[in-house]
Every structure is written in structure tokens, then in C-alpha cells.
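Step one of this worksheet: look at the structure below.
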Amino acid sequence: NAGVTQTPKFQVLKTGQSMTLQCAQDMNHEYMSWYRQDPGMGLRLIHYSVGAGITDQGEVPNGYNVSRSTTEDFPLRLLSAAPSQTSVYFCASSYSKGARAQHFGDGTRLSIL
Amino acid sequence: AQTVTQSQPEMSVQEAETVTLSCTYDTSESDYYLFWYKQPPSRQMILVIRQEAYKQQNATENRFSVNFQKAAKSFSLKISDSQLGDAAMYFCAYRSAPGGSQGNLIFGKGTKLSVKP
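Chains as they are written, first to last, in this note's numbering: chain P, 689 to 801; chain D, 873 to 989.
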């Protein structure tokens, strides 16, 4: 049982490059979300999805796109990377929005030069 | 909108001693969940303890316990018999119960706990 799998674990990009962070879960969870973690800021919600074909914005959505074509996968796309997007990114899933338990991936450390 | 505040950016405790991490939150809802997550240097987000707002009894998990004061909107974490492995970043988080306005997790900014041998 893999839980929530994020790839890659580390990535370095140049300003202006595009990239997709992958997130997959094998628990048949309807709810998936992306957070970014910056020093002194805690975790902030970027985008979330309550099911296949349904996505919505979180607190800090600018510069990021998401889609949810299957229940299992929820990729996060950076269309034109900026140094301000240097951060650690976490994907999480749960049975539903407002569920008692949420499962986190191990995170992706992304550096934009 | 709901907010979560952790007023202690850093804390330190002697090994085997007890430490309490503070968390306050703001909400107009009556049914919600509160969480403490531990993030060691490995970066993993590990659920330490969870409290359902409708339960008056404070949650406990081995050496970890909470002091949940619903009226005061306070949710502190007590770590007893502190161990070197407890050194980590600790995050307090809020989530509405199903049907509530905020089904996403809302995090505080975290408290970095150091444990001295």
C-alpha cells in the first residue's frame, strides 16, 4: 500500500522553465490537495480537488495549474517558473473534504534559479 | 475565515522534561477537527494527535496529550518525558467537519522544538 506518492523528490529549474509535479494515491480518495511550505509560513493551500474533473483554488494559486482526470492522479503544473516558487511542495489526500484523516506525500523540494 | 495561530516560533526542552506548545484558532463553527502534525528533518508530515470538537475529553496518544479549551479556542500540545526524537517542527491545523465551510486543512506557522540532551 503506497499511500500518496510524489515525484520527483528534488528538482532544480531555471526561471521561465515549465514543470509538472506528480502526485498519485492508491486509496481511492476523492479529495486531493497541493500545499507549499515556506520558512516561517507554515503550509499554504495552492489548489484542491474534490473528485475527478473538479478542481478549485486555494490560498496561493497564482502561477500554478492543476487538473484531475482520474481519481488517482493530481498533477501540479508550473507554467513559467519564478524564483518566488522556490519551496517545498506537499500533496495530500483524504476520503472526502472535511475528513478526519489526511495522508501526505513525502514532499518535493523545488529550487528555481 | 478560520485562522490558526502558533505564537511560539521556537521552543526548547531538556530531555525527559515536559513541554507545552500553544495553538489558538478562530472559527464560528461548532463542529471541526484540530490536529497536531510533527515534521522532522526528513520532511515527512506525521500526524501526532487529533481532537474532534464535539468531544469534551482531551485526546491522548502515549506521551502526547492536548488541552482543548473550546470556549477559549485554544488547543495546546503537551509532550511528556521528552526524547531526542521529538525534536522537530510542530504544526497545529484546523479542518471543518463534513458540511462545514472549510474542508481544507488550515495550518499555523509552526513551532520548532529543540530537545537538549
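We put the CB at the ideal spot given by N, CA and C, even for glycine. Quantities reported herein were computed from a predicted structural model and do not represent experimental measurements.
What is the residue span of the beta strand (DSSP E) that residue i lies within?
i	result
P/MET715	That residue, P/MET715, is in no beta strand (DSSP E); it is neither H nor E in DSSP.
P/CYS779	775-782
D/TYR897	896-898
D/LYS984	983-988
D/ASP903	Note, D/ASP903: premise wrong, no beta strand (DSSP E); not H, not E.
D/GLU882	882-886
P/ASP744	742-745
D/THR892	891-893
P/ARG765	764-766
DSSP three-state label for residue i, please.
i	result
P/GLN726	Residue 726 of chain P is actually Asp in this sequence, not Gln. Of the three classes helix, strand and coil, the one that applies to P/ASP726 here is strand, per DSSP.
D/ASP958	helix
D/SER968	strand
D/SER937	strand
P/ASN799	Here residue 799 of chain P turns out to be Ser, not Asn, going by the sequence shown. Residue state, collapsed to three classes: strand.
P/SER755	coil
D/SER879	coil
D/SER914	coil
To the nearest whole angstrom, what separates the beta carbons of residue i and residue j, a pair I think is in contact under 8 Å?
i	j	result
P/GLN725	P/VAL776	4 Å
D/ALA925	D/ASP953	That pair is no contact at about 28 Å.
P/PHE698	P/ARG788	Actually they are not in contact, since the Cβ atoms of P/PHE698 and P/ARG788 sit about 32 Å apart, beyond 8 Å.
P/ARG732	P/GLU747	5 Å
Can you list the residues of chain D that residue i reaches, using a CB-CB cut of under 8 Å?
i	result
P/PHE762	None at all; the shortest Cβ gap to chain D is about 14 Å.
Answer yes or no: does any C-beta atom of chain D fall closer than 9 Å to that of residue i?
i	result
P/TYR723	yes
P/ASP794	yes
P/SER784	yes
P/GLN710	no
Mind checking if residue i is an interface residue toward chain P, Cβ cutoff 9 Å exclusive?
i	result
D/MET917	yes
D/ILE921	no
D/ILE978	yes
Kindly list, in the order they appear in chain P, the residues whose Cβ is closer than 8 Å to that of residue i.
i	result
D/SER879	Per Cβ cutoff of 8 Å: no residues; D/SER879 is ~13 Å from chain P at best.
D/ALA969	GLY786
How would you list, in chain order, the residues of chain P whose beta-carbon sits under 7 Å from the beta-carbon of residue i?
i	result
D/GLY982	GLY730
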